[in-house]
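All remarks here apply to the structure that follows.
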Amino acid sequence: MQQQQSHGGPGDRMTLAGSFNGLYLLAHSHALTCTVFLRRDFGAEGIGLFGLIAGLLILGYGSFANCYPMFIYFLLWMLAVICQRIRQFRNWRRGVITHSRYNGYPFISKRLFPRMSELNAKGVDAFLCLAIGGVLAQFWQPLGFFVMTGFLSILFSEAVMVEATKRRMQAMRDAELEQRYLAEHYRSGRF
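Shown next, in the form of structure tokens:
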């Protein structure tokens, strides 16, 4: 008698890429729980699915930690998301063009450090979360720890974005070199 092994389809296996994407989804969603207060001018999809997961993270953690201030934080976060969406709609009506997945301009960090580049200012957002979370932890420990972990999630999600941009730039450079090489061969008539 032959035993049959049941194997799932290719989508049933856990892969390193799938795990990393899940970690990025979680980290970026958690970062969004803090960045809606620290940034403005998000793209049309800058909040999107990450915002839904962020809201669930706030409510889930607040329920798990049995922390009433997390519910107040959720209401303030919802108000901030609504304000961001209104601002995004206003920018769209004025003709302001931004990338649809732009994750916001760090206006508070740029006010504190006006000469800093936008990328570095986004890093400062992480340290602001650490400082603000430390202050909040003195009064409401679960809320403070939640905001303090925004330090890690913002740094991680921004590092992934920087690396993705570097990879895209490298691919563009490679494509440029390949096109030059092919154009030289085409012009010389050697096929």
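When you line the sequence shown up against the numbering used here, it's residues 68 to 258, in that order.
Don't be surprised by glycine CBs; every beta carbon is placed ideally from N, CA and C.
| said: Which residues does DSSP list as the beta-bridge partners of Y172? | reply: Stepping through the sequence shown from its first residue, residue 172 is reached at position 105. Note: Y172 sits in a beta bridge opposite R107.
| query | How many angstroms separate the CA atom of L195 from the CA atom of H166? | reply | Sequence index remark: in the sequence shown, residue 195 carries index 128 (1-based). Sequence index remark: in the sequence shown, residue 166 carries index 99 (1-based). So the alpha carbons of these two residues sit roughly 25 Å apart.
| query | Whose C-beta lies closer than 6 Å to the C-beta of F104 among residues of the same chain, with five residues either side of it excluded? | reply | As a first step, residue 104 must be located in the sequence shown, where it is residue number 37. Same-chain partners within the cutoff: A147.
| request: Would you give the residue range spanned by the alpha helix (DSSP H) that C150 belongs to? | output: Against the sequence shown, residue 150 aligns to sequence position 83. Y135 to R161 is the span of the alpha helix (DSSP H), which, as asked, contains C150.
| task | Count the other C-beta atoms from every protein chain shown that fall within 10 angstroms of the C-beta of L203, then say buried if there are 16 or more, exposed otherwise. | result | Taking the sequence shown and counting its residues from 1, one reaches residue 203 at position 136. L203 counts as buried, since at least 16 other C-beta atoms from the protein chains shown sit within 10 angstroms of its C-beta.
| message | Only counting the same chain, and skipping five residues up and downstream in sequence, which positions put a Cβ closer than 7 Å to that of A188? | response | Along the sequence shown, read from residue 1 onward, the residue named residue 188 stands at position 121. In chain order, P173, S176, K177 and F180 place their CB closer than 7 Å to the CB of A188, counting only its own chain and leaving out the 5 sequence neighbours on each side.
| In chain order, what residues of the same chain lie with their CB nearer than 8 Å to the CB of V229, ignoring the 5 residues before and after it? | Translated into positions along the sequence shown, residue 229 becomes position 162. Taken in chain order, the residues that qualify are L186.
| Under the rule that 16 or more other beta-carbon atoms within 10 Å means buried, what is W159, buried or exposed? | As a working mapping, residue 159 is identified with position 92 in the sequence shown. Around the Cβ of W159, a 10 Å sphere holds fewer than 16 other Cβ atoms; the residue is exposed.
| request: For the alpha helix (DSSP H) containing F131, list its first residue and its last residue. | output: Here the question's residue 131 lines up with position 64 in the sequence shown. Unbroken alpha helix (DSSP H) run through F131: G115 to A132.
| said: Given a cut-off of 7 Å on the beta-carbon distance, is the pair G256 and Y169 in contact? | reply: Counting from one through the sequence shown, the residue named residue 256 turns up at place 189. Counting from one through the sequence shown, the residue named residue 169 turns up at place 102. Using a Cβ distance threshold of 7 Å, G256 and Y169 do not count as a contacting pair.
| request: Let me know if L210 comes out buried or exposed under the rule of 16 or more other beta-carbons within 10 Å of its beta-carbon. | output: Taking the first residue of the sequence shown as position 1, residue 210 is located at position 143. With 16 or more Cβ atoms within 10 Å of its Cβ, L210 is classed as buried.
| query | Which residue comes first and which comes last in the alpha helix (DSSP H) that contains Q205? | reply | If you number the sequence shown from 1, residue 205 lands on position 138. No alpha helix (DSSP H) contains Q205, which DSSP labels as neither H nor E.
| said: Pop quiz: R107 and G171 are said to be a contact at Cβ under 8 Å. What is the actual Cβ separation, rounded to whole angstroms? | reply: On the sequence shown, residue 107 is found 40 positions in, with the first residue counted as 1. On the sequence shown, residue 171 is found 104 positions in, with the first residue counted as 1. The pair is a contact, with the Cβ atoms about 6 Å apart (cut-off 8 Å).
| request: Name the two residues that bound the continuous alpha helix (DSSP H) containing E225. | output: The residue labelled residue 225 in the question sits at position 158 within the sequence shown. It spans G217 to S255 - the alpha helix (DSSP H) in which E225 sits, taken as one unbroken run.
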